[in-house]
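Heads up: the structure comes next, in structure tokens.
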Amino acid sequence: MEKIRTCLVGAGRAGEVHGDVYNFFIPDSKIVAIFDTDVSKAKNLANKYNIKEKFAFEKFEDALSEVEFDAAVITSPTFTHCIYTEMSARKKIHVFCEKPMAITEEDCNKMTAICREEKVILQIGFMRRFDAGFASAKLIIENGDIGNPLIVKSVGRGPGLPGKWAFDIKNSNGNLAEVNSHDFDAVRWLSESEYKKIYAVAKNSKNPEIGKDYPMFYDNATVSATMENEVFGLIDSVCPCDYGYDARAEVVGSKGVLFIGSLQECTTVTCTRSKGIVTPQTLSWKKRFHDAYIAEDRHFIDCIINGKQPSVTGEDGRKAVAAVIAANESVQKGIPINL
Ligand SMILES: NC(=O)c1ccc[n+]([C@@H]2O[C@H](COP(=O)([O-])OP(=O)(O)OC[C@H]3O[C@@H](n4cnc5c(N)ncnc54)[C@H](O)[C@@H]3O)[C@@H](O)[C@H]2O)c1
56 MEKIRTCLVG AGRAGEVHGD VYNFFIPDSK IVAIFDTDVS KAKNLANKYN IKEKFAFEKF
116 EDALSEVEFD AAVITSPTFT HCIYTEMSAR KKIHVFCEKP MAITEEDCNK MTAICREEKV
176 ILQIGFMRRF DAGFASAKLI IENGDIGNPL IVKSVGRGPG LPGKWAFDIK NSNGNLAEVN
236 SHDFDAVRWL SESEYKKIYA VAKNSKNPEI GKDYPMFYDN ATVSATMENE VFGLIDSVCP
296 CDYGYDARAE VVGSKGVLFI GSLQECTTVT CTRSKGIVTP QTLSWKKRFH DAYIAEDRHF
356 IDCIINGKQP SVTGEDGRKA VAAVIAANES VQKGIPINL
């Protein structure tokens, strides 16, 4: 079978994670073009994937006109997701778009509508749904093993700040979007309900120098949500998180509780008299969710090959964006926001 030809749109942190997966881990796909406004980054990845440098582009228009490909993997800054989705879909190219789907709900709706109109797949990058721990938790909840969910708590503490472009809340919707979109999606997915009311607080505690240029910037926040089915959601956000990468969740049900994820990177434990019990902590989202990225990208390729609809849709992306926007509004106004 012919491989699905993929163009990487954005060759930064997330771009390399997905580029590696599509090029090295999925036999049915290969990277054939790379676009980044910083063309040196596109060229670096082209070399890594053994692609001629002429397939590294500074303009997406050129990639679209000079190379034939079936899929675009959009890993550029969030404020560009809508335009690159539109340009791809209009050329009948399937779209995998990283979270956050876009900056506004209007853009999310536009992306979904265009992809539907052009009959191309649109999958959003909520890789936690493909993580073994999160996926089995979902099955346990569906099976009724812990009874009805009462509280869903999701922790999203990132080891390092996103790129400078994300410091301006207008370009990114802030850390609640960049770091915690996954938590907003997890609460909705695991509670099996939609957001009804959100109250959030946030402050900038660790980065006063960033605050001088970007007064709306915050590096820690908490979110308290009520879902339509009266489940309570709790999200906490810290970024940068000095001790490592911490992405855990807990679901308290009427008959039991379940815990997802761990601070430990692996099960290795060293014990010595001098240092006590030592075990390595998780340091990177790339490593923590390595298998989940592979599984979500495989799902995308499988949907293209077999004409299936992805399990994570534009509507899922939009709901997370709406919740983040409500949380930011709550932070700014100091009141709960009804959705
Ligand atoms: N699912 C996840 O776990 C995950 C992890 C990291 C990032 N992300 C998402 O991926 C996206 C990119 O984040 P990142 O951390 O890789 O950012 P990054 O800053 O590391 O990389 C962004 C890349 O886009 C390029 N770029 C800048 N402006 C551009 C434009 N107008 N058009 C095309 N390319 C442009 C930059 O040169 C850079 O190489 C964000 O939406 C982010 O939220 C998702």
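First residue of the sequence shown? That's 56 in the numbering used here, and the numbers climb one at a time after it.
Where is the CB? At the ideal position from N, CA and C, for every residue including glycine.
Hey, which unbroken runs of the alpha helix (DSSP H) at 4 residues or more fall wholly within the stretch 255 to 298? 263 to 268
Are the Cβ atoms of residue 94 and residue 60 separated by less than 7 Å? no
Across which residues does DSSP place residue 325 in a beta bridge pair? 333
Pick from 199, 293, 298 and 288 that is closest to residue 304, judged by C-alpha positions: 288
Tell me whether residue 133 counts as near ligand 1, meaning its Cβ is closer than 6 Å to at least one heavy atom of that ligand. yes
Who are the Cβ neighbours of residue 347 in its own chain at under 6 Å, not counting the five residues just before and after it? 182, 185 and 186
With a Cβ-Cβ cutoff of 7 Å, do residue 242 and residue 209 count as a contact? yes
CA-CA distance, residue 392 and residue 375? 15 Å
Based on the DSSP secondary-structure assignment, which residues constitute the bridge partners of residue 63? 89 and 128
Considering residue 169, what are the terminal residues of the alpha helix (DSSP H) in which it resides? 160 to 172
According to the neighbour-count rule (16 or more other Cβ atoms, all chains shown, within 10 Å of its Cβ), is residue 168 buried or exposed? exposed
Quick check on DSSP: helix, strand or coil for residue 213? coil
Quick check: does the Cβ of residue 93 come within less than 6 Å of any heavy atom belonging to ligand 1? yes
Secondary structure at residue 305, three-state DSSP: helix, strand or coil? strand
Is it true that the stretch 206 to 226 meets the stretch 293 to 304, where meeting means three or more beta-carbon pairs spaced less than 8 Å apart? yes
Run through DSSP, which three-state label would residue 99 get? helix
Would you kindly work out how many angstroms separate the C-alpha atoms of residue 262 and residue 175, rounded to a whole number? 42 Å
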